[in-house]
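Engineer: Line order of the protein sequences matches chains L and S.
For the first sequence, my numbering assigns the number 11 to the initial residue and increments by one for each residue that follows.
For the second sequence, my numbering assigns the number 464 to the initial residue and increments by one for each residue that follows.
Glycine included, each C-beta is placed from N, C-alpha and C at the ideal position.
Since this is a predicted model, take the numbers as computed values, not measurements.
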Amino acid sequence: MNQNGSARELSLGIDIGSTTAKIVLRRGEDVLYEKYERHFSQVREKAVELLRQLRPYAGEEPLAAAISGSAGLGLAQNAGIPFVQEVFATGEVVKLKEPDTSCVIELGGEDAKIIFFDGGIDERMNGTCAGGTGAFIDQMATLLNITVDELDQLSLQAGRLYPIASRCGVFAKTDIQPLLNQGARKEDVAASIYQAVVNQTIAGLAQGKKIKGKVLFLGGPLYYCKGLRKRFQETLHCTEENAVFPEYARYAVALGASYYAEKQPQTYTLNSLIKAVENAPATVSKGRLQPLFANEEEYRAFRERHAQASVKYEDLASYAGRAYLGIDCGSTTTKLVLLSENDGILYSYYASNRGNPVEIVKEQLTCLYDLMGDRVTIAGSAVTGYGEELIRHAFSVDYGLVETIAHYTAAKFFEPEVEFILDIGGQDIKCFKIRGGAIDSIMLNEACSSGCGSFLETFANAMGTTIEEFAAKGLKGKKPVDLGSRCTVFMNSSVKQSQKDGATVEDISAGLSISVVKNALYKVIRASSAEELGEKIVVQGGTFYNDAVLRAFEREIGHSVIRPVIAGLMGAYGAALYAKQCEQSTIISREALRVFKHTSKSAVCNGCTNHCRLTVNTFGDGKRFISGNQCEKGLGITAKTDPLPNLYAFKRDMLTSLPCVEGKRGTVGLPLALGMYELLPLWHGIFTHLGFTVKISPMSNRRIYEKGQFSIPSDTACYPAKIMHGHIAALIEEGVDAIFYPCLTYNMDEKMTDNHYNCPVVAYYSELLKGNVDELEQVKFLYPYLNINSKRELTKELHAYLSRFYEGIAKSEVKAAVDHGMAAYVRYMNAVREEGRRALEFARKEHRRVMILAGRPYHIDAEIGHGIDKLANSLGFVVVSEDSVFRLAEPFTVKVLNQWTYHARLYRAARYAAEHADTELVQLVSFGCGVDAITTDEVRAILEESGKYYTQIKIDEITNLGAVKIRLRSLIGALEERKENSGRA
Amino acid sequence: MEERKYIPFTEEMRREYTILVPNMLPRHFKLFIKIFEHYGYRMELLETTGQKIIETGLKYVHNDTCYPAILVIGQFINALQSGKYDPAKTALILFQTGGGCRASNYIFLLRKALERAGYGDIPVISLNLSGLEKHPGFTLTVPILHRLFYAMIYGDLLLSLANQCKPYEIEAGATERLADALTAELADKMQEEGVSFRKVKENCKKMIARFAAIDRREEEKVQVGVVGEIYVKYSPLGNNGLEQFLIDEGAEVTVPGLIDFFMYCIVSNLTDYELYGLHRFRYPILKFVFRYLIRQQQAVIDLIKEDGHFRPPTPITHTMELIRDFMGFGTKMGEGWLLPAEMLELNDSGVHNVVCTQPFGCLPNHICGKGMMKPLKEKNPDLNIVAIDYDSGASKVNQENRIKLMLANARSQLEEKNRENGVTPAAEKTKIAPETAQRG
């Protein structure tokens, strides 16, 4: 202990995290006072408040003090109080309190940490990603419209778990929303949310290091959420005595800070400390923007202008005759519009769907029937949005239409010559360009909902206000903070930073609004100039009710836009307009509604190896609606007709039917992932011919991924790479003697490019596996660097390499095996091409649309591709792959360096689509694929030059096909509309 | 197949155009520019900073592209839009390695961005050694290459010596002043004296002596090495002023020199032959060049050792020995094997604390950076590595927080070591700057 410290008996630790402030006062080992409170970003005020509470305990005694926590850094610096890094502080506590701990898992508001104590202290915290933290749980509770406590209670009664991505709240929502819309039990969803947090912690933080021995769980969420504890305990297989949930879980960091304080020379009294905090200068952040409105006058003019885009309202009580119902069952809200014959709104409804849209629509219909009496009849009805199918089945709605079409129908009403529609909803941004009266291109936010309404709402709640108040404050922000334009998860930390710098709620609100807009413009639409969007722009969606967002948008694009007063109802309004073509409605009758019942239960489909988790909705009249299925099998419909050609299925069948021949040299396992996919016939041929029993790992599924997730060192790598770890684990479980995955800097040279590289991940993943998968020590791991473009080199290199592991392999044997393998590879590639030709012929003969599902060879994997190929089939497309058709287009020069074998095929496949009217190209892009940042722009340009649509689907661990379906249906809708228009012209 | 079209930099342009150079390693680049100016080019180093550059980059480049591309392209377009340069008399230059990483595509992304921003007529020169593009007005002659190489040696030495002096200087700013002065002197000297290795050695010797003459405090500081993707490793714009941050936190910073990367590129070419039988004819020439470079590097190392005040860099051959058991030399995209090798090199020379910098989502670094941390640490328990992702959205506070954690560990390691060696903690206390005291 420091000599200065001997006079001090009291020691104080303050921990200011991203959302809460904690304080601990100790005398020796006795804790005199502790407190845990949310600070709502009022860091300095909260610190002073907490310090004042100490007066009865500390008086004017000398004391040691230190601050810790992510939001405490700025305060500590400005007040000159010692600061200790929070993970370090935790480590101090553990060393004192539980010295035999081998691992600490600590979850905070926006931080997640793991500290390993075995073999030298190793501390890890979440990087730029805040997924799987307390903030994530908060966000999910908001989504379910329950408190965090209720979420916890529900989770304890779960019967099953759904896979939910937790990389960031956005993906999780994409998974959860459809579950809710399809009627999954909240109990199960709650537990699944916790499981997602657990998975994120293990995959994202442990990074290849196994969590074992005594584990100490710290932090607020782990103190409060019993269900979360349970999930951790079960997933980590912790025994009771090895899972420690201490009383001081919430205060560990503050406690650690107090121990750190003892070692510091500075001595304070409570008063001097309060004074230091109070006098700490607030740092002014560098990046501040112009206020949204210079003065009141400007705001008034703005309000008046937008009030002009209105619709007429008619009185339902006095109206008689036909009416049309539009329902928009969105991701977070349900909207209803009842339309008169003259397009007047008779009735409208807009509210959160509270996780159960069926119940809401039932309530609303009941209410409508009461109000309509016998004077008004519903002559037509249409439903759109996420819950479209469910609602349509439940209430026998006449039409189901894809939301993009619904919105265009509504926008046309306000601006017949609309050129661009931007809709920002709860968690999705939709925008489409209109050219020649048809939807010309559609852009949806893929895996990213940065800048959507629910984000702003969650933020408003975190700051202790409602979204309305929050928005109103934003209008008054004098110096909006500059939060950039990126993922909301990153924005969380940017906000944290600005809080640290003392920004006001007003400035943060305004700053967030500007970020929302920038995200929409530069991340989703990717506009480089305002002119690109056109002159006549309609903005809609609930988020645009927020004047701050609207103003920021106009500012950013430099001119005014139309925001209909029913901005949030546009989907429903469009659906109602669409329903006007109906003569006689099939919608549920008043009588049937009275006895309407809805129950849902979960089941597993055994139709194929996918084992989709189904949700079976049963309605009062015995009708059933099944969701969660990736194909039509689980619906009880047996396909009598031959399925449409599908190159993805063809390739899968070919690869999985490669024979396993018993050999004399032992077994070699080939992991079916990344570059192995396409080259499987080559390696299988070579090793079989050499006399090895070749075991191929099975087609991926979620369980395979989970088998290997412990050893993934870089969580931001693409899913196809991460799943490789599971394949290695599966092969080792099978007991193979050796595993082969070569390092291939260069892929096959198809003589059409500047170079023929593999991407770095495909090329060198073995080096990573070698370093991170401990189990590989149990087998011979063969990962030679090879040149597959020269049989001579390949023979030489492979022979030299294998001879290090196996005796008596002659070079002539290797040469024969390479010949054999190469022949098998060529046969395979030819078969794929031949099948592609056959599929195209079939399509032409049967007048079917063709979809080039363009990705990488490994995208045919059932888990990675999520069955999108089958979905496309079910929507009527003949599905071909990029590698089966690219040779049908002439090689040409692209604007970028064309140096990767797989990617070069994309460009030529796009050219083929551009040249054929019946062919569409849909590009599959794995999240995190850096190379595709280059290819996507180029593929888009090739297609758009020829007036074709470009559709991109980003794929990840997300297992839900709902969003993909919207995209593909929008594409079909746009194609139909275009066909109709050109027919008319 | 038709040739990809680009605007060549012609002989006429050479006389009239100003070539803008993106910033990465300020002192190195200033020396490089001087050389080109001597040969009749007009060049200007872009030293702009600020949020505007990032915004411009995001506007014209696909947002999922790596951060360095966004910054470099943003800096170019921002400069063009500033009105400071006549677009009809301006050219741009970019370095291009031609490897299997996205970075080889920067030049094309730049051209696409220029087109979108309305500067489609501006020529972009590709500075490469693999003959990817030809520009009649811009040729790397042997004398230029020779001088560039020596400029690299000077630059690396300046970087290394300044880093070893600055944290200890008694008179604030003395090191920076000397380094700036030397940069100017050396550039002139290269023109006056021509190039001979004898002269270079003399100059190096003088440089070392002048740095050694700076008054410095005797104290022990936490030593931190910086490795990673080449742009964010070196460029303060890319890494939010990492070097200065570390110095302010009371650390001494070591950044491996550019020559290591240069030699790594040569080794990559050599392994293409050794592993795959490619480039048979180039091999003996490169092998010769490689051996020559090794000798030159060694000569500078010897000079530093002779003087005795500073820690010399490690010869590349030794660095390669260190990584041999962990990774194959065939891993040659991005920084490839060099990245983990430099971590080991730092550890080997007593710098156990390492910041591994990379752009968010950097593909090679999944493997060579984060992918190698576990095996390296298992064999070298002293290694204290933190991986930091840089991109336009990553908040500085998060980055700094993670670095502070690494520093906290570093300090307790240092304390422990000193306890073991019998240094009293009380004396130790005064040496370590309190974490909060000296910022801003």
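Quick check on L/V407: buried or exposed, where buried means 16 or more other Cβ atoms within 10 Å of its Cβ?
Structural biologist: Counting Cβ neighbours within 10 Å, L/V407 comes out buried, since at least 16 surround it.
Engineer: Would S/P775 pass as a contact of S/I786 if the rule is Cβ separation under 7 Å?
Structural biologist: No, the pair does not count as a contact, with Cβ atoms beyond the cut-off.
Engineer: Buried or exposed for S/K842, going by 16 or more other Cβ atoms inside 10 Å?
Structural biologist: That one is exposed.
Engineer: If we ignore side chains and look at the alpha-carbon of each, how far apart do L/G395 and L/L454 end up?
Structural biologist: The alpha-carbon atoms of L/G395 and L/L454 are separated by roughly 13 Å.
Engineer: With 7 Å as the C-beta to C-beta threshold (strictly closer), list the residues of the stretch 667-694 of chain S near chain A in chain order.
Structural biologist: Considering every chain present, this structure includes no chain A. Its protein chains are L and S.
Engineer: So what's L/A389 in DSSP terms, helix, strand or just coil?
Structural biologist: Looking at L/A389 - three-state DSSP - the assignment turns out to be strand.
Engineer: Going by beta-carbon coordinates alone, are L/A731 and L/G718 separated by less than 7 Å?
Structural biologist: In this structure, L/G718 does not lie closer than 7 Å to L/A731 by Cβ.
Engineer: Quick check on the burial criterion: 16 or more other C-beta atoms within 10 angstroms. Buried or exposed for S/I748?
Structural biologist: Exposed, by the Cβ-count rule.
Engineer: Given this structure, state the Cα-to-Cα distance separating L/Y43 from L/I284, to the nearest angstrom.
Structural biologist: If you take the alpha carbons of L/Y43 and L/I284, they lie about 17 Å apart.
Engineer: Do you know how far the Cα of L/C462 is from the Cα of L/D338?
Structural biologist: Each residue's alpha carbon lies about 17 Å from the other.
Engineer: Quick one: grab the DSSP three-state call for L/D338.
Structural biologist: Three-state result, L/D338: strand.
Engineer: For the beta strand (DSSP E) holding L/S710, just list the boundary residues, first then last.
Structural biologist: That residue, L/S710, is in no beta strand (DSSP E); it is neither H nor E in DSSP.
Engineer: Can you list, in chain order, the residues of its chain with a C-beta nearer than 6 Å to that of L/T553? Leave out the 5 residues immediately preceding and following it.
Structural biologist: Counting only Cβ-Cβ distances below 6 Å, and skipping sequence neighbours, we find I434, G463 and V559.
Engineer: Mind reading off the beta-carbon distance from S/H829 to L/V783? Whole number of angstroms is fine, and I expect it under 8 Å.
Structural biologist: Actually they are not in contact, since the Cβ atoms of S/H829 and L/V783 sit about 15 Å apart, beyond 8 Å.
Engineer: When DSSP labels each residue in this structure, what does S/V535 get in the three-state scheme?
Structural biologist: Three-state DSSP puts S/V535 in a helix.
Engineer: So is L/D353 in contact with chain S if we call contact Cβ pairs under 7 Å?
Structural biologist: Output row for L/D353: interface = no.
Engineer: Let me check understanding here. Comparing Cα to Cα, which of L/E785, L/D871 and L/I26 lies closest to L/R260?
Structural biologist: It is L/I26 whose Cα lies nearest to the Cα of L/R260.
Engineer: Leaving out five residues on either side along the sequence, give the residues of the same chain with a beta carbon under 7 Å from the beta carbon of L/A213.
Structural biologist: Result list for L/A213: Q719, I722 and D725, in chain order.
Engineer: Residues of chain L with CB closer than 7 Å to the CB of S/K867, please, in chain order.
Structural biologist: Q95, listed in chain order.
Engineer: Can you find the residues in the same chain that come closer than 7 Å, C-beta to C-beta, to S/A675, ignoring five residues on each side of it along the sequence?
Structural biologist: Counting only Cβ-Cβ distances below 7 Å, and skipping sequence neighbours, we find D770 and H772.
Engineer: Which of helix, strand or coil does DSSP assign to L/N797?
Structural biologist: Three-state DSSP puts L/N797 in coil, outside helix and strand.
Engineer: Hey, how far is the Cα of S/G797 from the Cα of S/K837?
Structural biologist: If I take the Cα positions, the gap works out to 20 Å.
Engineer: So for L/D942, helix, strand or coil by DSSP?
Structural biologist: Reduced to three states, the DSSP call for L/D942 is helix.
Engineer: Find out if the Cβ-Cβ distance for the pair L/F606, L/G630 is shorter than 7 Å.
Structural biologist: Their beta carbons are under 7 Å apart, which means L/F606 touches L/G630 by this criterion.
Engineer: Can you tell me which of the three DSSP states S/G799 falls into?
Structural biologist: Reduced to three states, the DSSP call for S/G799 is coil.
Engineer: Give the DSSP-derived three-state secondary structure of L/G169 in the structure shown.
Structural biologist: Three-state result, L/G169: coil.
Engineer: With a threshold of 7 Å between beta-carbons, can S/D527 be considered close to chain L, or not?
Structural biologist: True, the Cβ-Cβ gap to chain L drops below 7 Å.
Engineer: Would you mind working out which of S/L807, S/M790 and S/L809 sits nearest S/W800, comparing C-alpha positions?
Structural biologist: Comparing Cα-Cα distances from S/W800 to each of S/L807, S/M790 and S/L809, the minimum goes to S/M790.
Engineer: What residue does the alpha helix (DSSP H) around L/D40 start on, and which one ends it?
Structural biologist: Not the alpha helix (DSSP H): L/D40 falls in the beta strand (DSSP E), residues D40 to R48.
Engineer: Could you name the residues of the stretch 766-782 of chain L whose beta carbon sits closer than 8 Å to any beta carbon of chain S, in the order they occur along the chain?
Structural biologist: Result list: Y767, N768, C769, P770, V771, A773, Y774, Y775, E777, L778, K780, G781 and N782.
Engineer: Shorter than 7 Å from the beta carbon of S/V814 to some beta carbon of chain L?
Structural biologist: No, because no Cβ of chain L sits closer than 7 Å to the Cβ of S/V814.
Engineer: Exposed or buried, S/D651, counting other C-beta atoms within 10 Å across all chains shown (16 or more means buried)?
Structural biologist: Flag for S/D651 reads exposed.
Engineer: In the stretch 731-772 of chain S, which residue ranges form an unbroken alpha helix (DSSP H) of at least 4 residues, counting only runs that do not cross its ends?
Structural biologist: Here the runs fully enclosed are 745-770.
Engineer: Report yes if the C-beta distance between L/L657 and L/V890 is below 7 Å; otherwise report no.
Structural biologist: Yes, the Cβ-Cβ distance between L/L657 and L/V890 is below 7 Å.
Engineer: Just to confirm before moving on: does the CB-CB distance between L/D198 and L/R170 stay below 7 Å?
Structural biologist: For L/D198 and L/R170, yes; Cβs fall inside 7 Å.
Engineer: Bridge partners for L/M135 per DSSP, in chain order?
Structural biologist: DSSP, once it has assigned bridges, lists L/K123 as partnering L/M135.
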